[in-house]
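Single-structure report; data block below.
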Amino acid sequence: MERRSFLKTLGTGMGAVAVTSSFDAGTVGRVEAATRAVATQTPLAVAENEDYWREVQQAFTVSRRMINLNNGYCCPSPRIVTQKVVDYTWQQEEAPAYTLARLLPPFREPVRQSLARVFGCDAEEVALVRNASEAMETLLLGVDLESGDEVVTTTQDYGRMRTALDQRRRREGIEVKMFQIPTPAERNEDIIEGFKEAMTPKTKMILMSHQINLTGQILPVKQVADLARERGIPVMVDGAHSFAQFQFTLEDLGCDYFGTSLHKWLLAPKGTGMLYVKRDRIKDLWPLMAAPERMDDDIRKFEEIGTHSEAPYLATGEAITFHNAIGAERKEARLRFLKDRWARRLAELPNVRIHTSFDPQMSCAIGNVELVGTEPSAMADYFWDKHKIIVVAINHAEFRGLRVTPNLYTTLDEIDFFCDIFEHIAKNGLPKSA
Ligand SMILES: Cc1ncc(COP(=O)(O)O)c(C=O)c1O
Numbered sequence: 082m083e084r085r086s087f088l089k090t091l092g093t094g095m096g097a098v099a100v101t102s103s104f105d106a107g108t109v110g111r112v113e114a115a116t117r118a119v120a121t122q123t124p125l126a127v128a129e130n131e132d133y134w135r136e137v138q139q140a141f142t143v144s145r146r147m148i149n150l151n152n153g154y155c156c157p158s159p160r161i162v163t164q165k166v167v168d169y170t171w172q173q174e175e176a177p178a179y180t181l182a183r184l185l186p187p188f189r190e191p192v193r194q195s196l197a198r199v200f201g202c203d204a205e206e207v208a209l210v211r212n213a214s215e216a217m218e219t220l221l222l223g224v225d226l227e228s229g230d231e232v233v234t235t236t237q238d239y240g241r242m243r244t245a246l247d248q249r250r251r252r253e254g255i256e257v258k259m260f261q262i263p264t265p266a267e268r269n270e271d272i273i274e275g276f277k278e279a280m281t282p283k284t285k286m287i288l289m290s291h292q293i294n295l296t297g298q299i300l301p302v303k304q305v306a307d308l309a310r311e312r313g314i315p316v317m318v319d320g321a322h323s324f325a326q327f328q329f330t331l332e333d334l335g336c337d338y339f340g341t342s343l344h345k346w347l348l349a350p351k352g353t354g355m356l357y358v359k360r361d362r363i364k365d366l367w368p369l370m371a372a373p374e375r376m377d378d379d380i381r382k383f384e385e386i387g388t389h390s391e392a393p394y395l396a397t398g399e400a401i402t403f404h405n406a407i408g409a410e411r412k413e414a415r416l417r418f419l420k421d422r423w424a425r426r427l428a429e430l431p432n433v434r435i436h437t438s439f440d441p442q443m444s445c446a447i448g449n450v451e452l453v454g455t456e457p458s459a460m461a462d463y464f465w466d467k468h469k470i471i472v473v474a475i476n477h478a479e480f481r482g483l484r485v486t487p488n489l490y491t492t493l494d495e496i497d498f499f500c501d502i503f504e505h506i507a508k509n510g511l512p513k514s515a
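According to our numbering, the sequence shown is numbered sequentially starting from 82.
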């Protein structure tokens, strides 16, 4: 039975903030209690502890009418996060001229600080933006470049980011050098070598994904950033998928710029992202929307976007609490366990290629599988039309297959059912009408 929501009033310097707590606001508490109960076990042992993950699964409002194995698109939030978006939205509606203009914005600051703690940087280096696209385009368009300057990236970096670079090519005459990485890559050296070979004295910037969205391949950011630093080249890291999927901090990357979506693996409200800019790089990076000169040195210049809802940003605080309640290492281990469960089983089939390494350094939640000779789009359509299973067909010039991405709420039964259907197709082919 749902209990009625009740209002709690917090005193603040600017006025009263109404905070609604509701019937299932204790969910995080239940997850925290479950985590305490497994605290002595290793993350790898917890990854297989279904009693624990059952508790986590209960925190979501996802529908079991369908099996969503496309969490690479963006992820559902736990119930508590969605509730907070609703709560903050109601507060905004009380009198936007006051609540949205004055009351709520200062509460971004604790969220900024919590994000900085998760990422391991200073809060004054963190901007709250709308998604990874906004974060990365701020970086890719915000650095001064001249005609003939070169930018290095891979052929598997995200389309929108390559489009941003291509627009600079068309507008300003920069050169974009793209190279291929192996699929799957089993050795960091092969990737590092590609970057090394592509860099020339004219290289002014590197764009690299921390994790390739098409295959789940994790790239060796630190080694590339170290190499680039020796040559005075800044590295812009597209961490749309890596942040809060697997455990790392800024120190593990050693880069000056990082952008991510928070509505992916942090499970934050839709329309949230994070931009990290190293303190001494802020001044020289132009924001996407103009900001006054007095803000030149202020990370908040990247947040000057006009009127927008504060609710998603504020409710990101709840998403961080949820993330911390599970713990980054346990989360990573579970996500890899889920990917390995389907990928190792399918890898046994004849005619199957897994385009994702099984090395834990190289992959986590995301995997890509090809049934050789079967059109990935036809398979994805069949999975949805016949079984209401969501997977994505990937058709890239260098490989093709289905991208499969479970999440913390995914049950083993759902994964096994997906594998049963895949096996059936591998054995019998797709039905003629599919
Ligand atoms: C590697 C990569 N970068 C950037 C993005 C853009 O993320 P968003 O749509 O949240 O801006 C995505 C989205 O899937 C992605 O996979």
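Ideal Cβ positions, reconstructed from N, Cα and C, are used throughout, including at glycine. Computed from a predicted model, the values in this text were never measured in an experiment.
Within a Cβ cutoff of 7 Å, which residues of the same chain sit near residue 328, ignoring the five residues on either side of it in sequence?
Cβ neighbours of residue 328 beyond the five flanking positions: 409, 410 and 413.
How would you label residue 398, buried or exposed, when you count the other beta carbons within 10 angstroms and need 16 or more for buried?
It counts as buried.
Quick check: what's the CA-CA separation for residue 472 versus residue 111?
In a straight line, the C-alpha of residue 472 is about 31 Å away from that of residue 111.
Measure the C-alpha to C-alpha separation of residue 289 and residue 318 and round it to an integer number of angstroms.
Cα to Cα, the separation comes out at about 5 Å.
Only counting runs of 3 or more residues, tell me where the beta strand (DSSP E) segments fall wholly within the stretch 439-502, in order along the chain.
As far as the stretch 439-502 is concerned, its whole beta strand (DSSP E) runs of at least 3 residues are 448-452, 473-477 and 480-485.
Residue 345 and residue 326: beta carbons closer than 9 Å?
Result yes, Cβ atoms of residue 345 and residue 326 sit closer than 9 Å.
To the nearest angstrom, how far is the alpha carbon of residue 182 from that of residue 121?
Those two C-alpha atoms are separated by around 47 Å.
Of all the options 443, 261, 159 and 239, which has the alpha carbon lying nearest to the alpha carbon of residue 518?
Residue coverage of the chain in this structure runs from 82 to 515, which leaves residue 518 outside it and unanswerable.
Could you pull out every residue in the same chain whose Cβ sits closer than 8 Å to the Cβ of residue 311, ignoring the five residues on either side in sequence?
Correct list: empty, nothing qualifies.
So, does the stretch 479-491 touch the stretch 147-158, judging by three or more C-beta pairs under 8 Å?
Segments in contact, yes.
Which ranges would you report for the alpha helix (DSSP H) in the stretch 324-383 if only whole runs of at least 4 residues count?
You should have 331-334.
If the criterion is Cβ atoms closer than 9 Å, does the pair residue 229 and residue 256 meet it?
Cβ distance < 9 Å, so residue 229 and residue 256 count as in contact.
Which one of 499, 351 and 287 has the shortest CA to CA distance from residue 420?
Nearest C-alpha to residue 420: 499.
Assuming residue 477 and residue 366 make a contact with CB atoms under 8 Å, what is their CB distance in whole Å?
That belief does not hold up - the Cβ atoms of residue 477 and residue 366 are roughly 31 Å apart, past 8 Å.
Residue 332 to residue 383, Cα distance in whole Å?
Rounded to the nearest angstrom, the two C-alpha atoms are 23 Å apart.
Can you give the Cα-Cα distance for residue 102 and residue 179, rounded to whole angstroms?
Interpretation of residue 102 is limited by its pLDDT of 43, a score under 50 that renders its predicted location unreliable; the figure taken from the coordinates is listed afterwards. One C-alpha to the other measures close to 22 Å.
Considering only heavy atoms of ligand 1, does any lie closer than 8 Å to the CB of residue 342?
Because some heavy atom of ligand 1 lies under 8 Å away, the Cβ of residue 342 counts as near it: yes.
Please go through the same chain and pick out, in chain order, the residues whose beta-carbon is closer than 8 Å to the beta-carbon of residue 155, but skip the five residues on each side of it.
Correct list, in chain order: 342, 344, 345 and 351.
Is the stretch 215-233 in contact with the stretch 246-253, if contact means three or more CB pairs nearer than 8 Å?
Flag = yes, the stretch 215-233 and the stretch 246-253 touch.
Is the CB-CB distance between residue 242 and residue 236 below 9 Å?
No, these two residues do not count as a Cβ contact at 9 Å.
I need the straight-line Cα distance from residue 496 to residue 481, nearest angstrom please.
Their Cα atoms are separated by approximately 21 Å.
Using three-state DSSP, classify residue 244 as helix, strand or coil.
Correct three-state label for residue 244: helix.
Please classify residue 162 as buried or exposed, where buried requires at least 16 other C-beta atoms within 10 Å of its C-beta.
Answer is buried; the Cβ neighbour count reaches 16.
Buried or exposed for residue 415, please, with buried defined as at least 16 other CB atoms from any protein chain shown within 10 angstroms of its CB.
By the 10 Å Cβ count, residue 415 comes out buried.
Mind pulling the beta strand (DSSP E) runs of 3 or more residues that sit fully within the stretch 185-244?
Runs found: 207-210 and 231-235.
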